[in-house]
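Colleague: Input: one structure, supplied below.
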Amino acid sequence: AHQALHGLSKAQVERYSRQLLLPSFGIAAQGRVCSSSVLIVGCGGLGSPAALYLAAAGVRKLGLVDHDVVELSNMHRQVSHSEQRLGMHKAASTAAAVAALNSSVAVDTHLQGLTPSNAVGIISQYDVVIDASDNAPTRYLINDACVACGVPLVSAAAVGTDGQLTVYNAGGNGPCYRCLFPECPAAANCSRCADAGVLGPVPGVMGVLQAVEAIKLVGGVGQPLAGKLLLYDALAGRFSSIKLRGKAPGCAACGEGGMTREGVAAFDYAAFTGGQTANDGPPVPLAVL
Amino acid sequence: AHQALHGLSKAQVERYSRQLLLPSFGIAAQGRVCSSSVLIVGCGGLGSPAALYLAAAGVRKLGLVDHDVVELSNMHRQVSHSEQRLGMHKAASTAAAVAALNSSVAVDTHLQGLTPSNAVGIISQYDVVIDASDNAPTRYLINDACVACGVPLVSAAAVGTDGQLTVYNAGGNGPCYRCLFPECPAAANCSRCADAGVLGPVPGVMGVLQAVEAIKLVGGVGQPLAGKLLLYDALAGRFSSIKLRGKAPGCAACGEGGMTREGVAAFDYAAFTGGQTANDGPPVPLAVL
Amino acid sequence: MKLKIEFSGGLELLFGNQKEYAVDVPCSEQQLTVGKLLPWTRDQLLKDRPELFMKGDSVRPGILVLINDCDWELSGTLDAELQEGDKVLFISTLHGG
Amino acid sequence: MKLKIEFSGGLELLFGNQKEYAVDVPCSEQQLTVGKLLPWTRDQLLKDRPELFMKGDSVRPGILVLINDCDWELSGTLDAELQEGDKVLFISTLHGG
Ligand SMILES: [Zn+2]
Ligand SMILES: [Zn+2]
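Protein chains in written order, with the numbering used here: chain A, 1 to 289; chain B, 290 to 578; chain C, 579 to 675; chain D, 676 to 772.
What follows is the structure in C-alpha cells.
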C-alpha cells in the first residue's frame with residue numbers, strides 16, 4: 001500500500017532519505033527523478049561526474065554516449081574511469097562506475113558516438129540531454145537534435161581554468177546554441193582540452209553542476225539556468241552570470257521552418273564546421289618536456 | 290636526465306599532460322602538486338569528490354579521516370563509495386576509490402576520526418587541510434589545529450540546496466573560523482544533512498570546488514578564495530560571493546596568545562559546542578513516508 | 579526606507595521559506611541602523627521559532643549579517659547605518675557535508 | 676571614455692594573458708559605440724594573432740560580447756552606445772570537456 005502511494009520501494013526510501021527530508025524536494029520530486037531518463041553525450045571530464053551524480057540521485061535510465069577508449073591522459077579529470085579500465089570503451093567504463101554506485105539505474109551505452117543519422121533516434125528516448133562533448137560538430141548536432149525533439153539540453157564546457165554552463169530548450173524565450181553561434185567558429189577559435197590543456201577539477205565542477213541542473217529539470221524543482229550563461233574562473237575563484245539574448249527569429253535550428261528530425265540526419269556537420277572532426281585529436285607532442 | 294630536470298616520470302608526463310599543457314599551470318605547478326600532501330577530514334558528501342579529484346590531479350599523499358561506515362542513505366551523494374563497500378569504514382572505502390583511480394597516490398587513513406588529542410599530530414603532517422566534516426565540534430577542532438600548525442584550511446559545507454566555501458589561514462588578514470563564529474551556534478541553529486536533508490550533487494559541487502582550491506594552494510597558482518565566502522544556491526542556479534571581516538584581534542584561536550598545539554589537545558570541544566557530538570546522528574524517522 | 583532583505587543557508591525556513599523580501603521599514607529622517615532593523619525583521623517577517631533568529635539585541639551565534647554583500651563587522655555591526663536600497667543578507671552557517 | 680575591458684574563455688591569451696584592462700578610449704563628445712571600440716581594442720590591446728579576434732567589422736564567430744554582463748544583442752550589437760564606466764566582456768565559447 002505504501003509503495004503504491006508514492007511509488008518508491010523501502011530500499012529507495014532509505015537510499016534517498018536525505019533528499020526525501022528536503023522540504024524543497026521531497027517525495028514528489030524524488031519520485032519524478034526515479035522515473036526519469038537522462039542522456040549524457042561524452043563520458044569524459046564533464047560526463048564522468050554528471051553520470052556519477054545522476055546515478056547516485058536515482059534516475060531510472062542513464063544513456064551514455066562515447067566512441068573513445070580510456071587513455072592515461074584522461075585520468076587526471078575523468079574520474080568515472082579507473083586504471084584497471086584503461087583501454088576500455090569510455091561509455092562502458094562509465095557504465096561500470098554507475099553500476100557499482102547504484103545498481104538500480106538502467107544504463108544504455110551508445111558506443112558508436114552520436115552521429116547525424118542516430119542522434120534523433122537516441123535523443124528522443126530521453127527526458128533531458130547533457131552535452132558533455134568536446135568538439136564543435138557534436139555540439140551543433142546535439143543542439144539541433146534536442147531542438148527537433150523538444151528535449152531540454154544542459155550544456156557545459158571547460159578548457160584551461162575556465163568553465164561555462166547554460167540550459168537550452170527549457171521553455172521561455174531562451175536562445176538555442178545556434179541562436180548564439182549561428183556561424184561555426186574556426187578551429188583555431190575552438191579551445192579544446194587536448195590542445196589547450198585543462199585543470200582536472202574544472203570540468204569536474206561544471207559536470208556536477210550539469211547533474212544539478214538535470215535533476216532540477218526532471219524533478220521539477222527550482223529555476224533552470226536558462227537564458228543565462230554561468231562562467232567559472234577557477235584561478236580567481238569566481239563565478240559570474242551573464243544575461244543572454246532571446247531566440248533569434250531566423251535561427252536555422254529553433255526559428256520558423258528551422259531544424260526538423262529529418263533535417264538533422266541530412267545536415268553536413270563536418271562541412272558546416274569546416275572539417276572539424278568529432279574525434280579528440282591526438283595529444284599534442286610533449287617531447288618538449 | 291629529463292626526470293632530474295622536472296622531477297616527473299614519463300608516466301606522470303603522460304598522465305598529467307593536459308595540465309602540463311596549461312600555460313597557467315604547467316610543469317612547475319604539477320611538480321609541486323606531485324610532491325604535496327592534503328588531508329581530507331570527512332569522507333562523505335564533500336570529501337568523496339574532493340578525494341577523487343585530488344587523487345586524479347596527482348598529489349603525493351592523501352590523508353583520509355572518518356570514523357563512520359558506509360550506509361545506504363549516504364549513497365545518493367557520497368560517490369567515492371560503492372554498493373559493494375556498504376558497511377565498510379568510509380575512509381577505507383574512499384581509499385579504495387583513490388587507489389583504483391591513481392595508484393601512485395600514497396593514502397593514509399585515520400579510522401578513529403579527528404579528536405582533540407590526535408588532531409595536531411595528524412594535521413601537522415600535511416600541506417593543506419580540507420574540512421569536509423559534518424558537525425560543529427569537528428569544525429572548531431579542525432580550525433584550531435590548522436591555526437596552531439599554520440596549515441591552510443579549505444572549508445566547505447552543504448545542507449539542503451545551499452553550499453558555502455571559503456579558505457582560512459592562507460596568508461593575508463583573512464579571518465579564521467573562530468573569528469567569524471566566536472560563540473558556537475546552538476544545535477537547533479546547526480543545519481546538518483541527517484536532519485535537514487541535502488540534494489546529492491550540492492555537496493558534490495562544493496567538494497570539487499574544495500579540490501580546486503587545494504590544488505591552487507599546493508600548486509601555487511591563482512588567488513585562494515580567502516577573506517570571502519562563496520555561496521551556492523542550487524535551486525536558483527546562482528553563486529554569490531560575500532566579503533568577510535578581517536582577523537578578530539581577540540580571537541581565541543588566531544589572536545594574540547591564541548590557540549597553541551597544546552591548547553587544542555586540552556580544549557573541551559564537547560562543552561564548548563553545548564554537548565553536540567562529532568557523530569552524525571541517527572537518521573530521522575522516515576516512517577511518515 | 580526601502581530595503582532588500584534576504585535569507586540563506588536554511589534561515590529562510592524561519593521566514594515562510596521565502597529567500598527574498600522587498601520591504602519598506604519605518605524610520606525617522608532616513609536614519610536606520612541594523613540594530614533597529616533586527617527586531618523589526620523578527621516582528622514583521624519571521625513566521626516560526628523566533629528564538630532561532632535573535633539572542634539579546636543581536637543575531638544568534640552562527641548567523642552572519644551582510645550589508646551589500648559585506649560582513650557587517652566592516653561597517654559597525656549593530657550601529658551600521660543603512661541607506662535607501664541597501665541589501666541586508668542573513669546567512670546561517672552550515673555544518674553539513 | 677573610461678571603460679573596463681575583460682577577456683575570458685582563453686581569449687585573454689591573445690591579450691598578453693591579462694584578463695582585465697582599465698582603459699581610457701578617445702572619443703568625441705562622450706559618444707562611443709562597440710563598433711568603434713572593437714578596432715581600438717585590436718590595435719591597442721591585442722598582442723597576438725589579430726585574425727582570431729575580429730572578422731570584418733565585428734568579432735569572430737564563437738566570441739560573445741557582453742556589455743555590463745548583458746549580451747550585446749540586447750543593446751544593438753555594433754551600434755550599442757557605451758557609457759562612462761561600462762564593462763565590456765569578450766568571451767570565447769569553449770568546446771572542451
Ligand atoms: Zn535557435
Ligand atoms: Zn581567528
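We treat Cβ as the ideally placed atom computed from N, Cα and C, and that holds for glycine.
Going by C-alpha distance, which of 698(D), 688(D), 683(D) is nearest residue 761(D)?
Modeller: Looking at the Cα atoms, 698(D) is the closest of the given residues.
Colleague: How do the stretch 420–438 of chain B and the stretch 400–410 of chain B stand: do at least 3 beta-carbon pairs fall below 8 Å, yes or no?
Modeller: In short, these stretches touch, since the Cβ pair count reaches three.
Colleague: List the residues of chain B that residue 101(A) touches, going by C-beta distances under 9 Å, in chain order.
Modeller: Those within 9 Å of residue 101(A) in chain B are 364, 368, 370, 371, 372.
Colleague: For a test of the three-state rule: what should DSSP assign to residue 561(B), helix, strand or coil?
Modeller: It is helical.
Colleague: Inspect the beta-carbon positions of residue 624(C) and residue 581(C) and report whether they are closer than 8 Å.
Modeller: No. Outside cutoff.
Colleague: List the DSSP bridge partners of residue 708(D).
Modeller: Note: residue 708(D) sits in a beta bridge opposite 756(D).
Colleague: Starting from residue 424(B), find everything on chain C with Cβ-Cβ shorter than 7 Å and list it in chain order.
Modeller: Here the neighbours are 673.
Colleague: So is residue 545(B) buried or exposed if we call it buried at 16+ other beta carbons inside 10 Å?
Modeller: Under this definition residue 545(B) is an exposed residue.
Colleague: Can you name the start and end residues of the beta strand (DSSP E) that residue 144(A) belongs to?
Modeller: Not the beta strand (DSSP E): residue 144(A) falls in the alpha helix (DSSP H), residues 136–149.
Colleague: Residues of chain B with CB closer than 8 Å to the CB of residue 634(C), please, in chain order.
Modeller: Those do not exist, as residue 634(C) stays about 11 Å from chain B at its closest Cβ, beyond 8 Å.
Colleague: Could you please give the first and the last residue of the uninterrupted alpha helix (DSSP H) stretch that includes residue 177(A)?
Modeller: Residues 177–180.
Colleague: Select from the stretch 738–760 of chain D all residues with a C-beta closer than 8 Å to any C-beta belonging to chain A, and list them in chain order.
Modeller: So the close ones are 738, 739, 741, 744, 745, 746, 748, 749.
Colleague: Can you grab the Cα-Cα spacing for the pair residue 318(B) / residue 309(B), in whole Å?
Modeller: Cα to Cα, residue 318(B) sits roughly 8 Å from residue 309(B).
Colleague: Less than 8 Å between the beta carbons of residue 381(B) and residue 83(A), yes or no?
Modeller: No.
Colleague: Could you tell me whether the Cβ of residue 243(A) comes closer than 8 Å to any Cβ of chain D?
Modeller: Yes - at least one Cβ of chain D is within 8 Å of the one on residue 243(A).
Colleague: Leaving out the 5 sequence neighbours to the left and right, which residues in its chain are closer than 6 Å to residue 88(A) when beta-carbon positions are compared?
Modeller: Taken in chain order, the residues that qualify are 70.
Colleague: Within 8 Å (strictly less), CB to CB, does residue 630(C) reach chain B?
Modeller: True, the Cβ-Cβ gap to chain B drops below 8 Å.
Colleague: Could you tell me which chain G residues have their CB closer than 7 Å to the CB of residue 342(B), listed as they occur along the chain?
Modeller: Among the protein chains in the structure shown, which are A, B, C and D, there is no chain G.
Colleague: On the DSSP letters alone, give me the boundaries of the alpha helix (DSSP H) that residue 262(A) sits inside.
Modeller: Its alpha helix (DSSP H) spans residues 261–266.
Colleague: So which of 477(B), 323(B), 311(B), 315(B) has the shortest CA-CA distance to residue 630(C)?
Modeller: Nearest C-alpha to residue 630(C): 477(B).
Colleague: For the putative contact between residue 334(B) and residue 447(B), defined by C-beta atoms under 8 Å, what is the C-beta separation to the nearest angstrom?
Modeller: Yes, residue 334(B) and residue 447(B) are in contact; Cβ-Cβ is about 6 Å, under 8 Å.
Colleague: Can you check whether the C-beta of residue 509(B) is within less than 8 Å of a C-beta belonging to chain A?
Modeller: False, the Cβ-Cβ gap to chain A never drops below 8 Å.
Colleague: For ligand 2, which residues count as neighbours when the test is a C-beta closer than 5 Å to any heavy atom?
Modeller: Matched residues: 465(B), 467(B), 468(B), 540(B), 542(B), 543(B).
Colleague: Could you give the first and the last residue of the continuous beta strand (DSSP E) run that contains residue 56(A)?
Modeller: Not the beta strand (DSSP E): residue 56(A) falls in the alpha helix (DSSP H), residues 47–57.
Colleague: Going by other Cβ atoms of all chains shown within 10 Å of its Cβ, with 16 needed for buried, is residue 596(C) buried or exposed?
Modeller: Classification of residue 596(C): exposed, given that the 10 Å Cβ count is below 16.
Colleague: Please confirm whether any heavy atom of ligand 1 lies closer than 7 Å to the CB of residue 247(A).
Modeller: Flag set: Cβ of residue 247(A) near ligand 1.
Colleague: Compute the Euclidean distance between the alpha carbons of residue 691(D) and residue 24(A), then round it to the nearest angstrom.
Modeller: Going from the Cα of residue 691(D) to the Cα of residue 24(A) covers about 46 Å.
Colleague: Going along the stretch 399–415 of chain B in order, which residues come within less than 8 Å of chain A, judged by CB to CB distance?
Modeller: Listed in sequence order: no entries.
Colleague: Could you tell me the alpha carbon to alpha carbon distance between residue 523(B) and residue 701(D), rounded to whole angstroms?
Modeller: Each residue's Cα considered, the two are about 43 Å apart.
Colleague: In the DSSP assignment, find the alpha helix (DSSP H) that holds residue 307(B) and state where it starts and stops.
Modeller: Taken as a continuous stretch (DSSP letters only), the alpha helix (DSSP H) holding residue 307(B) covers 306–309.
Colleague: In angstroms, rounded to a whole number, what distance separates the CA positions of residue 196(A) and residue 501(B)?
Modeller: If I take the Cα positions, the gap works out to 18 Å.
Colleague: Could you list which residues in chain C have their beta carbon closer than 7 Å to that of residue 470(B), in chain order?
Modeller: By Cβ distance, chain C contributes 639, 640, 671.
Colleague: Going straight from the alpha carbon of residue 272(A) to that of residue 466(B), what length do you get?
Modeller: Cα to Cα, the separation comes out at about 54 Å.
Colleague: So what does residue 633(C) bridge to, in DSSP terms?
Modeller: In the DSSP output, where bridge partners are listed per residue, residue 633(C) has 636(C).
Colleague: By how many angstroms is the C-alpha of residue 338(B) removed from the C-alpha of residue 262(A)?
Modeller: Those two C-alpha atoms are separated by around 41 Å.
Colleague: What are the start and end residues of each continuous alpha helix (DSSP H) run of 4 or more residues lying completely inside the stretch 179–236 of chain A, in chain order?
Modeller: Segments of the alpha helix (DSSP H) lying fully in the stretch 179–236 of chain A: 193–196, 201–219.
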